[in-house]
Every structure is written in structure tokens, then in C-alpha cells.
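Residue numbers (the UniProt record's numbering): 1 to 179. Glycine included, each C-beta is placed from N, C-alpha and C at the ideal position.
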Amino acid sequence: MDAETDLSTLLTSVAEGDRAALRAVYERQSVRLFGVANAILRDRDTAADALQDAFIRIARRAAQFDATRGAPEAWLGAIVRHAALDIIRARGREVPTDDPALGDQAVAPEAEERLSASVEGQRLRHCLDGLEPKNRDGIILAFVHGLSHPQIAERLGTPLGTVKSWIRRGLQSLKECLA
């Protein structure tokens, strides 16, 4: 059984109320998901809160996961991303940045190193490296740094429709590469 199918099976068990399955999902995905939350929030304590909130949502919404619509990792990542963005919205402001070039701060080095060292991380990095820079930048700004499409369009000085197309095409290429 491959890792993706195994994670899908675990989510099915979580939907049935299996706490051990939820614990297994947490053990396998928490480092990566914490990195996503931390990249958006830029605060380890707040990222931990977002991760906790996300796992409560995962426990409640596991029955909504549909493996035919996408990878379980993507579904989990979206839940964490939304939990982090909800925290930002609740604050009424975005977290300031330290990097004038990107406007974003890097993920904590230890989390990034663990993701890069994992097989999934290496596959993802390989696939991202194979994308055109405009597609890769759009995806990273949206899914790692939590920017909305209009924010990305403004940052890149590109029309909104173009940015949406770049991201959509990039995600299609990633899906094909990771399949």
C-alpha cells in the first residue's frame, strides 16, 4: 500500500471516529503542515494553534475527503492553510515580513529540512523545479505563503486572470508530475 493510499485509508478511518487513525495522520503530516502554517503566520506559537485548529477540523470533516478529487496531502494542506488564514483575518491584519524581495519569511529551517529530506518533499521539489518560473512562483506565493490571487497579481505586476492561469497550469503540471 503506497503512502497516498494509506493516508486516504486513514482519513476514511478518521471519518468513522477512529482516534488512532487521527493520531497516525498527525504523526505523518504534522511537521509538513506546521511548516505551511508557520510560513503563513510567521509565528511558531500561532502556527501551533492553527495546526491544532486544523486537526479539529480534520477530525470533524474527514468524511468530506474524496480521494477522486485530489491527494490527501493537498486536502490536509488546504485545511491548515484556511485555519492559518482564519487566524490572520481574525486579527484584522497580515503579519509583516522580513524579506523585501519576496515579502515573506522562510519556513523554519528544521521543518524545511525535514520536508526536503522526505521522499514526498524530494518529489515535490523535483516537480516544482520542472515548472516554468512564473508557474512555480505563483504556486509558492499562493500555497506556501498564503497570498490570494489578487495579492499575487499585485506583487508580480501581472493581470489577475494571467496569474490565475499560471497557477492553474502549474497545478496541472504538478499533478501530472506527482502522479
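- Here the C-alpha atom of A83 lies approximately 21 Å from the C-alpha atom of L7.
- DSSP places D86 in the helix class (H, G or I) of the three-state scheme.
- Note that the C-beta distance between V36 and V80 is below 8 Å.
- Per the Cβ contact rule, the stretch 8-28 is not in contact with the stretch 123-133 (fewer than 3 Cβ pairs under 8 Å).
- Here Q29 is buried. Its C-beta has 16 or more other C-beta atoms within 10 Å.
- Ranked by how close their Cα comes to the Cα of W75, the residues L178, G146, A47, L33 have L33 in first place.
- Of the residues K175, Q122, I87, the one whose Cα lies closest to the Cα of A47 is I87.
- In this structure, DSSP gives S13 a helical state, which the three-state scheme calls helix.
- In terms of Cβ geometry, A62 and A15 form a close pair [threshold 8 Å].
- Note that the C-beta distance between L171 and I140 is not below 8 Å.
- P72 counts as buried, since no fewer than 16 other beta carbons sit within 10 angstroms of its beta carbon.
- Within the same chain, K134, N135, G138 come within 6 Å of W166 by CB-CB distance, once the 5 residues on both sides are set aside.
- For L171, the enclosing alpha helix (DSSP H) stretches over residues 160-178.
- DSSP places S148 outside both helix and strand once states are collapsed to three, so it counts as coil.
- Judged by DSSP secondary structure, D49 falls within the alpha helix (DSSP H) whose first and last residues are 44-61.
- Look at F65 here: in three-state DSSP terms it is coil, with no helix or strand label.
- For K164, same chain residues with a beta-carbon under 8 Å away, outside a window of 5 residues either side, are H149 in chain order.
- With a threshold of 16 other beta carbon atoms within 10 Å, A179 falls short and is exposed.
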